[in-house]
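Start counting the sequence shown at 237; every next residue gets the next number (this note's numbering).
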Amino acid sequence: MIETDALIVGAGPIGLFQVFQLGLLEINCHVIDALPHPGGQCAQLYPDKPIYDIPGLPATTGRALVAALRQQIEPFVASGSAQLHWGQLVSSVRKLSDGRFAVTTPAGLNFTTKVLIIAAGAGAFVPRKLMVPGLEAFEGSQVFYAQPEFDAFAGKHVVVQGDDDTALGWALRCVNLTATPPQSVTLIHRREVFTASAELVNAMRALCAAGKMRFVAGQITAPVISTTNRITDSPATLGTLTALQLALPDGSGETLLADVLMASLGLSPKLGPLAEWGLKMQRKQLPVDTETFQTAQPGIFAVGDINTYPGKKKLIVCGFHECVLAAFAAADIVFPGKQQPLQYTTTSTRLHGLLGVAGV
Ligand SMILES: Cc1cc2nc3c(=O)[nH]c(=O)nc-3n(C[C@H](O)[C@H](O)[C@H](O)COP(=O)(O)OP(=O)(O)OC[C@H]3O[C@@H](n4cnc5c(N)ncnc54)[C@H](O)[C@@H]3O)c2cc1C
C-alpha cells in the first residue's frame, strides 16, 4: 500500500502541470496513466502538429510541449516528491472512513491518498479492439491487444493484424523466435499499404520473400472455433480458436489457421472505469466548483478536459489555470489550518530551493 498526499489520474498536459503546482506547495504526489508515456492527447493524437496558443510559446508541437512539461517537473521527480507510473489503468476509487481514498489498478498498485485529482481528459487511452463477434471470448488466452509473452507461441500458428510499427514488430519478433519458432506467422491488413517505418516494412517483405512468413491483404470476418477436436463454425460455445475466416479484396474468402491472434489497431480514449466511481457526471464530464476545481465529492478534484463548468473551454491554457486553484484547495486538505501564502517563483527562496535553482 503506497500512502501519498495526492494522486493524479492522467499524465496528459494538465496532469503534468498539476504535478508542478502541487510540488510548489510541497504536496507529494503519484501520477498514473494508462499510456506507457506522458502527454495524453498531445503525445497520442498530434505529437508533430504545431500548437499556436500556449502562452509565451508562439509555436510548439504536442511532443515538444510534453517534453517541456516533463522537464519542468523534473526537480520534483528527482527529489522523489512526485512519482510517475506508466501503463496502469486506475480502475477503482473508494472513500475510506478516515476521509482518504483507496485507489487501485488491475496490475496491483494500491494507494491511499488524501486528495484525488482527476486529469483524465477524454478517458484512458486503451487499445482499439476488433469488432468481430465471437473473438472477445478469447481475449487474454488466444487474442491479444497488448504485447504478450512471445515464447508461449512456439510451434503455433500466429496471426498478427495491423499495419503499424507495433504490428510489424510483433510479426518479425515471432518469426525470429530462436528456440522453437511458431509453425506459421501471417500478417494481415486490409490492404498492402503500411504506416510502419520503411525499415520494418522492408524487413517484413524480405521474410515473406524467404517464405518465413506471409502477408495477406484481407479482413477477419469470423473466428473458427473447435468445441471438441472437431472444427465448427459456431462461436456459441466457448472452445478453442483454431482459425480465422478472412474476406479478401477480390470478394473471395480464406480460412487461415490461427492459434494466436495479436492485433494492433491503435489506441482510443475510453471513459471506462471513471464512470463507475460514483461521481456525479454531466454528459460524461465532472462538474466542478470554479473556486477550487473540487467535484461534488470533497477531496476529489477534476482538471483539464474531464471537467465542466459554465463557460468551460477544452483548451490546454484553461487546464493550466485550473491546476493552480486545485493545488491551493488541495493544500487546505493536506495541511489543514496551514496558511498558503502566494509566492512568486521569481523571488521566493523557498520555491528556488524546491526547484533546485539559484535565486538572483
Ligand atoms: C487534434 C487535436 C488538436 C488540438 N489542438 C489544441 C491546441 O492547438 N490548443 C489547445 O489548447 N488544445 C488543443 N487540443 C486539446 C488538448 O489536447 C486538450 O485540451 C488536452 O490534451 C487536455 O489535456 P488533459 O491532460 O486534460 O487530458 P488528455 O490529454 O486527454 O490526457 C488524459 C490522460 O489521462 C489518462 N487516463 C484517463 N483515464 C485514466 C485512468 N482511469 N487510468 C489511467 N490513466 C487514465 C489518459 O490515458 C490520458 O493520457 C487539441 C486536441 C486534439 C485532439
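Beta carbons: idealized from backbone N, C-alpha and C, even for Gly.
For the beta strand (DSSP E) holding residue i, just list the boundary residues, first then last.
i: ASP269; result: No beta strand (DSSP E) contains ASP269, which DSSP labels as neither H nor E.
i: ALA388; result: That residue, ALA388, is in no beta strand (DSSP E); it is neither H nor E in DSSP.
i: PRO363; result: 360 to 363
i: LEU493; result: 489 to 493
i: ALA483; result: 476 to 483
Tell me the DSSP secondary structure of residue i in three-state form.
i: PHE380; result: strand
i: ASN543; result: strand
i: VAL326; result: coil
i: ASN346; result: strand
i: SER470; result: Because SER470 carries a pLDDT of 46, less than 50, the predicted location of this residue cannot be relied on, and no value is offered for it.
i: ALA247; result: coil
i: LEU515; result: coil
i: ARG450; result: strand
i: ASN465; result: Only weak support exists for where ASN465 lies, its pLDDT of 48 falling under 50; the value from the coordinates is given anyway. If DSSP states are grouped into helix, strand and coil, ASN465 belongs with coil.
i: GLN319; result: strand
i: MET237; result: coil
i: PHE337; result: strand
i: VAL368; result: coil
Anyone know if the C-beta pair for residue i and residue j falls short of 7 Å?
i: ARG299; j: PRO283; result: yes
i: ALA270; j: LEU325; result: yes
i: ALA360; j: GLY251; result: no
i: GLN530; j: ALA494; result: no
Around the Cβ of residue i, are there at least 16 other Cβ atoms within 10 angstroms (buried) or fewer (exposed)?
i: MET498; result: buried
i: THR581; result: exposed
i: LYS392; result: buried
i: VAL255; result: buried
i: VAL396; result: buried
i: TRP406; result: buried
i: SER500; result: buried
i: THR240; result: buried
i: LYS350; result: buried
i: MET237; result: exposed
i: ALA538; result: buried
i: PRO342; result: exposed
For residue i, which residues of its own chain have a beta-carbon under 7 Å away from its beta-carbon, when the five flanking residues on both sides are left out?
i: LEU587; result: LEU260, GLN579, THR581
Could you tell me whether the Cβ of residue i comes closer than 7 Å to any Cβ of chain D?
i: THR340; result: The chain inventory of the structure shown lacks chain D, comprising one protein chain alone.
Quick one: what's got a C-beta closer than 8 Å to residue i's C-beta in the same chain, skipping five residues either side?
i: ALA318; result: VAL255, LEU258, GLY259, ASN264, CYS265, HIS266, VAL267, ILE309, PHE312
Report all residues from its chain with a CB closer than 6 Å to the CB of residue i; omit the five preceding and five following residues, and keep chain order.
i: ARG330; result: ALA338
i: THR468; result: Because the pLDDT at THR468 is just 46, under 50, the model does not fix this residue reliably, and the point stays unresolved.
i: MET440; result: LEU404
i: LEU443; result: VAL411, MET449
Just curious, the alpha helix (DSSP H) that residue i is in, first and last residue?
i: LEU293; result: Segment: none, LEU293 is in no alpha helix (DSSP H) and carries neither H nor E.
i: PRO311; result: 310 to 315
i: GLY589; result: 585 to 591
i: MET440; result: 434 to 445
i: VAL560; result: 552 to 570
Is there at least one non-hydrogen atom of ligand 2 closer than 6 Å to the beta-carbon of residue i?
i: ASP541; result: The model depicted lacks ligand 2 and carries ligand 1 instead.
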